[in-house]
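Participant: The opening residue of the sequence shown carries number 2 in my numbering; numbering runs sequentially from there.
Pasting in a structure now, in structure tokens, and then I'll have a few things to ask.
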Amino acid sequence: MDSLLQQKEEMIERQLRSRGIDDERVLSAMEEVPREKFIKKDLVEFAYRDAPLPIEEEQTISQPYIVALMAQILELEPSDKVLDVGTGSGYAAAVMSRIADEVYTVERHKVLAETASKRFQDLGYDNIFVLHGDGTQGWEEHAPYDAINVAAGGPDVPEPLKEQLAEDGRLIIPVGKEPRQQRLVKLNKADGEIQRKNLGRVQFVPLIGLSGWENEDRESDVKSKKPAPSKQSLPDMIAGEAEPFSDIDSAELAPLLERIGDSRVVLLGEATHGTSEFYRMRSRITRALVEEKGFNIVAVEADWPDAAHIDRFVRDTNVELPTQKPFTKFPSWMWRNEETKDLISKLRLYNDTVETHDDKVGFFGLDLYSLYSSIDAVINYLSDVDPDLSELAKRRYSCLTPYENNPARYGAAASSGRFRNCEKGVVNMLEEMLENRVELTTHDGDKYLDAVQNARLVANAERYYRSMYVSSNQSWNQRDSHMFETLQALLDYENSDSKAVVWAHNSHVGNAMATEMSGRGEHNIGQLAKEEYGDDTYNVGFGTDHGTVAAASMWGGQMNFKDIRPSLDDSYERVMHQSDVEKFMLPLRDKSKTVIKKLEKSHLERAIGVIYRPETELQSHYFQASLPNQFDEYIWFDETKAITPVETSTAEGEDKMPETYPFGV
Ligand code: SAH
2 MDSLLQQKEE MIERQLRSRG IDDERVLSAM EEVPREKFIK KDLVEFAYRD
52 APLPIEEEQT ISQPYIVALM AQILELEPSD KVLDVGTGSG YAAAVMSRIA
102 DEVYTVERHK VLAETASKRF QDLGYDNIFV LHGDGTQGWE EHAPYDAINV
152 AAGGPDVPEP LKEQLAEDGR LIIPVGKEPR QQRLVKLNKA DGEIQRKNLG
202 RVQFVPLIGL SGWENEDRES DVKSKKPAPS KQSLPDMIAG EAEPFSDIDS
252 AELAPLLERI GDSRVVLLGE ATHGTSEFYR MRSRITRALV EEKGFNIVAV
302 EADWPDAAHI DRFVRDTNVE LPTQKPFTKF PSWMWRNEET KDLISKLRLY
352 NDTVETHDDK VGFFGLDLYS LYSSIDAVIN YLSDVDPDLS ELAKRRYSCL
402 TPYENNPARY GAAASSGRFR NCEKGVVNML EEMLENRVEL TTHDGDKYLD
452 AVQNARLVAN AERYYRSMYV SSNQSWNQRD SHMFETLQAL LDYENSDSKA
502 VVWAHNSHVG NAMATEMSGR GEHNIGQLAK EEYGDDTYNV GFGTDHGTVA
552 AASMWGGQMN FKDIRPSLDD SYERVMHQSD VEKFMLPLRD KSKTVIKKLE
602 KSHLERAIGV IYRPETELQS HYFQASLPNQ FDEYIWFDET KAITPVETST
652 AEGEDKMPET YPFGV
């Protein structure tokens, strides 16, 4: 026991005094009440930890600091009559009872009310009175109260509590739109008027009752002795909310376009890099955005020079192209597929109907894995328009030449400090090209944009390969920052009313703040776009339960058609599957809807990239996320098929096969 006393002393100093609890009455009450008597026996050793602890009925005993803080904010006086809503273990009521005259405490769980009552008796605290009931209605019989303490979070301050507050009374309550995330709010009543002050963020269990949240399924309510009213399951609610469609070509897009409204950026995700339905649906949406809303940029998760081949065809530009054939490096199937070809030819057909070059829709790459073809592109461009600068570019970029076969080795070499670091040269190159914009664009705007983007890619790729040796999250961030920078450069370059559709994996498109990634300090295009454009960005996620997918087993490996396993329990995919709706669009922005609230609770989510390893699916492909905070909309295909690759081998004789154009260029 000695050690508990000692721990209590330490708690007072380290958790309370040092954090600004200086009301001596509160401190001595915290010293008097034995917290170990308010928790289960097997947790006694944790009694003075700086944390809430579990109690019966899935509730918690508050963290000591929070109890002290709330008591201090309530400015308790010895003559006060206090109402405490949410008795829980009884600990907070006990602490307040050591300062105030009387404490009336209300708890909705019978077991908790009874256990607390017994504890007060055992400790001889005879100025605490316990009621089993709904504390959102207060305890009218003994009102008014000088202080009201609410230890559970509601959507707002319950009216009955305001009414039961005495003149000069103080009330403190956690309030928030989410059942488990709130801000602490303090009310003061003076001359019958209520003043409200917001304090910091807190996290309490939900306040459930007539003037609080509705009962949650899993909680055994005060009234739960009666059979529970039949509740809709989450999959049923999804089925009710979803906009089903029977096939991609005939899907009704008008409601989605309406929701997209005037957004400037629409991000279209994918749950795998090899699913036909995702490409085809994104293609339909993209064409609608181009044709009906004037979107003029399609920016995809591909390297800039590769996409430049496509753009040259789509917009019929005369940008010089790198000699390397596009999309021949791993993972070639990601863009070298029939689905992409179809999109490209449709964009070209559209552009053929557009008169001015500036109004045509362009196709661009956001990624940065083309260091050396980008270097070539910058040098070639400059050799035509500014031979001196071209010579300088050659010298600066030669710093990276030794690593051409394996640019990742550059990162290791530069980080070791024993080899040259090429940063300065590549950054200067980009800056000078940006500075010379006016002069250079007199030659040809499209060519200039292409060259600057290649210079930007070289600068960012240089940093990317170096950051790989610092940490994987830094290099991830470096890559996504590059993608976002490129997107912004495109939006700025084209004109002030240009609008962009982005095609990238869900993991780039869904706001990273709503996934495990944020815990690792990683951001992505989805997050950066939300931060920059707010609701003018519309993020769409895609998902599937089972089917086939084009993927490799390891980086650089061969592409295979693999079976996608049916989704795991506890995943978003599983609840979508259980809705029994084969294909649908599900708007996620309206957080006031019950179905969205339920979906906000974190679930597993599956991500299949260019690699799929079904054997270790849980570890390698699932992560935690909150879907409605990640995306504005989710598009579901219960069963999916792999994309159809355009065989690279036919590329051999492609000069004679114009049907493979533009891949064959
Ligand atoms: N002060 C308590 C904290 C308990 S947690 C302690 O130190 O132990 C909050 C408690 O509020 C839970 O026990 C929960 O069951 C209860 N609660 C939630 N809504 C309630 C309501 N409407 N009326 C009474 N109690 C409620």
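Every residue gets a Cβ at the ideal spot worked out from N, C-alpha and C, and that includes glycine.
Since this is a predicted model, take the numbers as computed values, not measurements.
Report yes if the CB atom of Y466 is closer than 8 Å to the CB atom of G412, and no otherwise.
Facilitator: Cβ distance < 8 Å, so Y466 and G412 count as in contact.
Participant: Whose C-beta lies closer than 7 Å to the C-beta of G548 among residues of the same chain, with five residues either side of it excluded?
Facilitator: These residues qualify, in order along the chain: I565, E640, T641, K642.
Participant: Taking Y66 as part of the alpha helix (DSSP H), name the residues at either end of that continuous run.
Facilitator: Y66 -> alpha helix (DSSP H) spans 65-74.
Participant: Determine whether the beta carbon atoms of N478 and H524 lie at a separation below 8 Å.
Facilitator: Yes, the Cβ-Cβ distance between N478 and H524 is below 8 Å.
Participant: Write down every uninterrupted run of the alpha helix (DSSP H) in the region 448-519 whose length is 4 residues or greater and which is fully enclosed by it, in chain order.
Facilitator: Fully enclosed alpha helix (DSSP H) runs of 4 or longer: 473-495, 507-510.
Participant: I'd like to know whether the C-beta atoms of P327 and N455 end up nearer to each other than 8 Å.
Facilitator: Against a cut-off of 8 Å, the Cβ pair of N455 and P327 comes out as no contact.
Participant: Around the Cβ of G201, are there at least 16 other Cβ atoms within 10 angstroms (buried) or fewer (exposed)?
Facilitator: By the neighbour-count rule (16 or more Cβ atoms within 10 Å), G201 is not buried but exposed.
Participant: Are the CB atoms of T88 and A72 nearer to each other than 8 Å?
Facilitator: No.
Participant: Count the CB pairs spanning the region 112-128 and the region 141-156 that are closer than 8 Å, and state whether there are at least three.
Facilitator: Touching, no.
Participant: With three or more beta-carbon pairs closer than 8 Å as the criterion, would you say the region 604-612 touches the region 544-559?
Facilitator: With a cut-off of 8 Å, the region 544-559 and the region 604-612 count as touching, because enough Cβ pairs lie within range.
Participant: Looking at the secondary structure, which residues open and close the beta strand (DSSP E) in which E179 lies?
Facilitator: 166-179 is the span of the beta strand (DSSP E), which, as asked, contains E179.
Participant: Less than 7 Å separating the Cβ of A144 from some heavy atom of the ligand FMN?
Facilitator: Looking at this structure, you won't find the ligand FMN anywhere; what it does contain is the ligand SAH.
Participant: With the cut-off set at 8 Å, would you say E1 and I249 are in Cβ contact?
Facilitator: The displayed coordinates of the chain run from 2 to 666. Any statement about residue 1 would go beyond what the structure contains.
Participant: What first and last residue would you give for the alpha helix (DSSP H) that runs through A413?
Facilitator: Note, A413: alpha helix (DSSP H), 409-417.
Participant: Have a look at Y573, D591, M586, T617 and flag the residue whose alpha-carbon is nearest the alpha-carbon of K602.
Facilitator: When only C-alpha atoms are compared, the closest one is Y573.
Participant: At a cut-off of 7 Å, is Y92 close to the ligand SAH when judged by its beta-carbon and the heavy atoms of the ligand?
Facilitator: It does: the Cβ of Y92 is within 7 Å (strictly closer) of some heavy atom of the ligand SAH.
Participant: Spatial neighbours of Q16 within its chain, please: C-beta separation below 7 Å, excluding the five flanking residues on both sides.
Facilitator: Correct list, in chain order: D51, P65, Y66.
Participant: List the DSSP bridge partners of N561.
Facilitator: The partner list for N561 (beta bridge, DSSP) reads A552.
Participant: Does the contact criterion of 3 or more C-beta pairs under 8 Å hold for the region 287-297 versus the region 354-370?
Facilitator: Counting Cβ pairs under 8 Å, three or more are found: they touch.
Participant: Between G125 and the ligand SAH, is the CB less than 7 Å from at least one heavy atom?
Facilitator: Incorrect: G125 has no Cβ contact closer than 7 Å to the ligand SAH.
Participant: Could you spell out the range, first to last residue, of the beta strand (DSSP E) harbouring A300?
Facilitator: Per DSSP, A300 belongs to the beta strand (DSSP E) from 298-304.
Participant: So, using beta-carbon positions, are L84 and A101 closer together than 8 Å?
Facilitator: For L84 and A101, no; Cβs fall outside 8 Å.
Participant: Three or more C-beta pairs under 8 Å: does that hold for the region 154-165 against the region 173-184?
Facilitator: The region 154-165 vs the region 173-184: in contact.
Participant: If you count every other CB in all the chains shown that lies within 10 Å of the CB of P588, and 16 or more means buried, which is it?
Facilitator: So P588 counts as buried.
Participant: In terms of alpha-carbon separation, which member of E302, G535, D581, L44 lies closest to D481?
Facilitator: It is E302 whose Cα lies nearest to the Cα of D481.
Participant: Give the single residue among V503, S472, V27, Y382 whose Cα lies nearest to the Cα of D667.
Facilitator: Given a span of 2 to 666 for the chain in the structure shown, any question on residue 667 remains unanswerable.
Participant: Verify whether the separation of the beta carbon atoms of V96 and M12 is less than 8 Å.
Facilitator: No, Cβ-Cβ distance for V96 and M12 is not below 8 Å.
Participant: Hey, out of E616, R197, S627, N540, whose CA is closest to R265's CA?
Facilitator: Here the closest residue by C-alpha is N540.
Participant: Would K598 and K592 qualify as a contact pair, given that the criterion is a beta-carbon distance under 8 Å?
Facilitator: Cβ distance < 8 Å, so K598 and K592 count as in contact.
Participant: Could you say if the region 313-333 and the region 341-361 meet the contact criterion of at least three C-beta pairs nearer than 8 Å?
Facilitator: Yes, the region 313-333 touches the region 341-361.
Participant: Going by CA-CA distance only, name the one from A255, L185, D43, S472 that's closest to R521.
Facilitator: Measuring from the Cα of R521, the nearest candidate turns out to be S472.
Participant: Using the C-alpha atoms, what's the distance from T487 back to W336?
Facilitator: If I take the Cα positions, the gap works out to 19 Å.
Participant: Put P55 into one of helix, strand or coil per three-state DSSP.
Facilitator: Of the three classes helix, strand and coil, the one that applies to P55 here is strand, per DSSP.
Participant: Less than 8 Å between the CB atoms is what I'm expecting for K500 and N297, so what's the real figure, rounded?
Facilitator: Confirmed, about 7 Å.
Participant: So for I261, helix, strand or coil by DSSP?
Facilitator: It is helical.
Participant: Measure the C-alpha to C-alpha separation of V596 and T538 and round it to an integer number of angstroms.
Facilitator: In a straight line, the C-alpha of V596 is about 23 Å away from that of T538.
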